[in-house]
Amino acid sequence: QVQLAESGGGLVQPGGSLRLSCAASGSIFSIYSLGWYRQAPGKQRDMVATITDGGSINYADSAKGRFTISRDNSKSAVYLQMNSLKPEDTALYYCHVLRYDATWSWGQGTQVTVSS
């Protein structure tokens, strides 16, 4: 089992930036991909960005050009640099891990609020 601990959320003005961090612990040896998802009130949880252990990256259209996902395998950590934030980016952001045995885990979520 993999445990995830997120940090870095907060309140930011439109156009601002935030960097989310997620540290994995536990059975980290079999991690295939790490990623970020988000869920706004009353909406479904959607993928924001994912990165595999081989470095393949996938972004949601809403994140392309503004967000950057990166991974530090030595620390079993994944980061999400978010720039040019918009009010519609306001959501609870979850870290996600997918293992090679097709099991997965979620973090507890970190709130991102974009408002003036």
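Residue numbers (the working numbering): -12 to 103.
Ideal Cβ placement from N, Cα and C applies to all residues, glycine included.
- The residues L(-2) and T77, in chain order, have a CB closer than 6 Å to that of T100 in the same chain once the five nearest residues on each side in sequence are set aside.
- Rounded to whole angstroms, the gap between the alpha carbons of Y19 and A36 is 14 Å.
- One thing to note: W93 has its Cβ within 8 Å of the Cβ of Y81.
- Scanning its chain for C-beta atoms nearer than 8 Å, with the 5 sequence neighbours on each side dropped, one finds around S63 the residues A10, A11, S12, I15 and I18, in chain order.
- Residue range D33 to T39 is occupied by the beta strand (DSSP E) that includes T37.
- Less than 8 Å separates the beta-carbon of L72 from that of S4.
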